[in-house]
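Numbering (the numbering used here), first residue to last: 118 to 457. Every residue, glycine too, gets a C-beta built ideally from N, C-alpha and C. Just so you know, these numbers come straight off a predicted model, no measurement behind them.
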Amino acid sequence: MDTSTVSWTRVFRRAGRRTNAALFLLCVGAFTSGWVAFAVGTPGPATVTTVAHGIFGLGVVVLVPWKSVVIRRSSSIPWAGWALMVLIVLCLVAGFIQFFFGYGYLLGLSPIQVHVGAALVAVPLFTWHVVLARRQRLRSSDLSRRALLRTGALTVGVGAAYVAGVGLAGITRGGAGRVSTGSGRRPASTIPATSWLLDQVPELDVVAHRVTVAGQAVGVAEIEAVARPIVARLDCTSGWYAVATWSGVPLSDLLGASELEGAVSIRVTSVTGYVRHFPVAEAGALWLATRVEGQRLTPGTGSPVRLVAPNRRGFWWVKWVAAVELSHRPAWLQPPFPPQ
Ligand SMILES: Nc1nc2c(c(=O)[nH]1)N[C@H]1C(S)=C(S)[C@@H](COP(=O)(O)O)O[C@H]1N2
Ligand SMILES: [Mo]
Numbered sequence: 118m119d120t121s122t123v124s125w126t127r128v129f130r131r132a133g134r135r136t137n138a139a140l141f142l143l144c145v146g147a148f149t150s151g152w153v154a155f156a157v158g159t160p161g162p163a164t165v166t167t168v169a170h171g172i173f174g175l176g177v178v179v180l181v182p183w184k185s186v187v188i189r190r191s192s193s194i195p196w197a198g199w200a201l202m203v204l205i206v207l208c209l210v211a212g213f214i215q216f217f218f219g220y221g222y223l224l225g226l227s228p229i230q231v232h233v234g235a236a237l238v239a240v241p242l243f244t245w246h247v248v249l250a251r252r253q254r255l256r257s258s259d260l261s262r263r264a265l266l267r268t269g270a271l272t273v274g275v276g277a278a279y280v281a282g283v284g285l286a287g288i289t290r291g292g293a294g295r296v297s298t299g300s301g302r303r304p305a306s307t308i309p310a311t312s313w314l315l316d317q318v319p320e321l322d323v324v325a326h327r328v329t330v331a332g333q334a335v336g337v338a339e340i341e342a343v344a345r346p347i348v349a350r351l352d353c354t355s356g357w358y359a360v361a362t363w364s365g366v367p368l369s370d371l372l373g374a375s376e377l378e379g380a381v382s383i384r385v386t387s388v389t390g391y392v393r394h395f396p397v398a399e400a401g402a403l404w405l406a407t408r409v410e411g412q413r414l415t416p417g418t419g420s421p422v423r424l425v426a427p428n429r430r431g432f433w434w435v436k437w438v439a440a441v442e443l444s445h446r447p448a449w450l451q452p453p454f455p456p457q
């Protein structure tokens, strides 16, 4: 046996309770930062969140050799344990595919759909695994100098792997035009028709359609008579964004100042029932748009009228708008993500 084998054996012999505790924290961190990453759209918070998410995920990968020692030591593994392992591997692989190769479809699924789907299915198994099967207490020695040094070394290693990964993504083109949310660029001419979950594209009559704005019926012709161009980035949580010139009118032009003053939020509803609430203060930054890049919207991208919300992620850009209403309900009371 040569010396390097000896030292590695010693390194992996330490695998055990602390490996599990570290993996637990990394998984919880990865899951939480993943949700936050879907919610934030502004550059500073988005950068912090996506970098943290990447580091948590890489941390899990780095601990794989130690965890395999733990697994090999245990006498039997229940089927749910295997299922959890498969889901976590699937989640990681899909995440890395998105990171290195960008947005695309395979068998009708995008890498982020697989990534998020696997993570959600893993939650009950993970909870079962942690709570029922592998309850482990923290010990005071976990905060010893040596333990902290080891954690520090792991963190530096993961940080270095992250930087290398970002460099590699530049070569594999996954990082092409990447912005702070992690999304990659698509040309404005190829904006895909995207649903948050289950919405189906309705066929609406452009001439007959009316949007009810605080009780008043507004048609496409009326919007286009006062429309102005607005350049905005549509940034979908499925991992792509497109910068386009939209044509529309801000809600602050359609709703009177006195009306806005009396309200807390603006409720924008789609003909499909898809709905989002916005704080009234954003009235000037929410646009009812009828065109993109000079062309009328297609049914898939929200015809006849959609919302353009330049400072928010794609799922706020309500398509096929039926009504804009003032409300007394605070915007934060709504579910953070649409349920349909
Ligand atoms: N009514 C409705 N509006 C919607 C959605 C939806 O499912 N239903 N999906 C949202 C999501 S997740 C995104 S990213 C954008 C996509 O717009 P696009 O189809 O023009 O690309 O529309 C948003 N508006
Ligand atoms: Mo989206």
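Within the DSSP bridge table, the entry for A440 names T329 and T386 as partners. In its chain, beyond the 5 residues on either side, E341, A344, R345, P346, I347, A406, T407, R408, V409 and G411 have a beta carbon closer than 8 Å to the beta carbon of S364. Taken through DSSP and simplified to helix, strand or coil, P367 comes out as strand. Considering only L372, P456, E378 and G401, the residue with the shortest C-alpha distance to V441 is L372. Cβ contact annotation for V335 (same chain, cutoff 6 Å, sequence separation greater than five): V328, in chain order. In this chain, the beta strand (DSSP E) harbouring W404 covers W404 to V409.
Considered as a whole, the stretch 275-349 harbours 337-343 as its complete alpha helix (DSSP H) runs of no fewer than 4 residues, in chain order. Of the candidates Y358, L260 and R134, the residue whose Cα lies closest to the Cα of G221 is Y358. The three-state secondary structure of H170, taken from DSSP, is helix.
In the three-state reduction of the DSSP assignment, H246 falls in the helix class. Relative to ligand 1, the beta carbon of S312 is positioned inside 7 Å of a heavy atom. Boundaries around R135 are those of the alpha helix (DSSP H), R134 to A156, since no beta strand (DSSP E) includes it. For W199, the closest C-alpha among the options F243, V231 and H232 is that of F243. With a threshold of 16 other beta carbon atoms within 10 Å, P396 falls short and is exposed. With contacts defined by Cβ atoms closer than 8 Å, S387 and V438 form a contacting pair. Rounded to the nearest whole angstrom, the C-alpha separation of A448 and S382 is 6 Å. At a Cβ-Cβ threshold of 8 Å, L207 and A235 count as neighbours.
In the three-state DSSP reduction, L351 falls in the strand class (E or B). The C-beta distance from I205 to A239 rounds to 6 Å, short enough to meet the 8 Å contact threshold.
Within the DSSP bridge table, the entry for H394 names R384 as partners. Apart from sequence neighbours up to five positions away, the residues of its chain that approach G171 with a beta-carbon distance below 6 Å are Y279, ordered along the chain. When beta bridges are read from the DSSP output, Q412 appears opposite V409. In the DSSP assignment, W357 is bridged to G301 and C353. V425 has W404 as its beta-bridge partners, per DSSP.
If you check the C-beta of V435 against ligand 1, you find a heavy atom less than 7 Å away. In this structure the stretch 348-356 touches the stretch 427-436; the number of beta carbon pairs closer than 8 Å is three or more. Contact between T149 and G299 does not hold, since their C-beta atoms are separated by about 16 Å, which reaches or exceeds 8 Å. In the structure shown, the three-state DSSP call for T362 is strand.
For the options I214, A325 and L142, the alpha carbon positioned closest to that of F173 is the one of L142. L443 and T389 have their C-alpha atoms some 19 Å from each other. Cβ neighbours of P453 within its own chain (closer than 7 Å, five residues either side excluded): A156. K436 is the residue among R135, V145 and K436 whose C-alpha sits nearest the C-alpha of W313. Contact between E376 and A338 is absent: CB atoms are separated by about 23 Å, not below the 8 Å threshold. The beta carbons of L175 and A139 sit no closer together than 8 Å.
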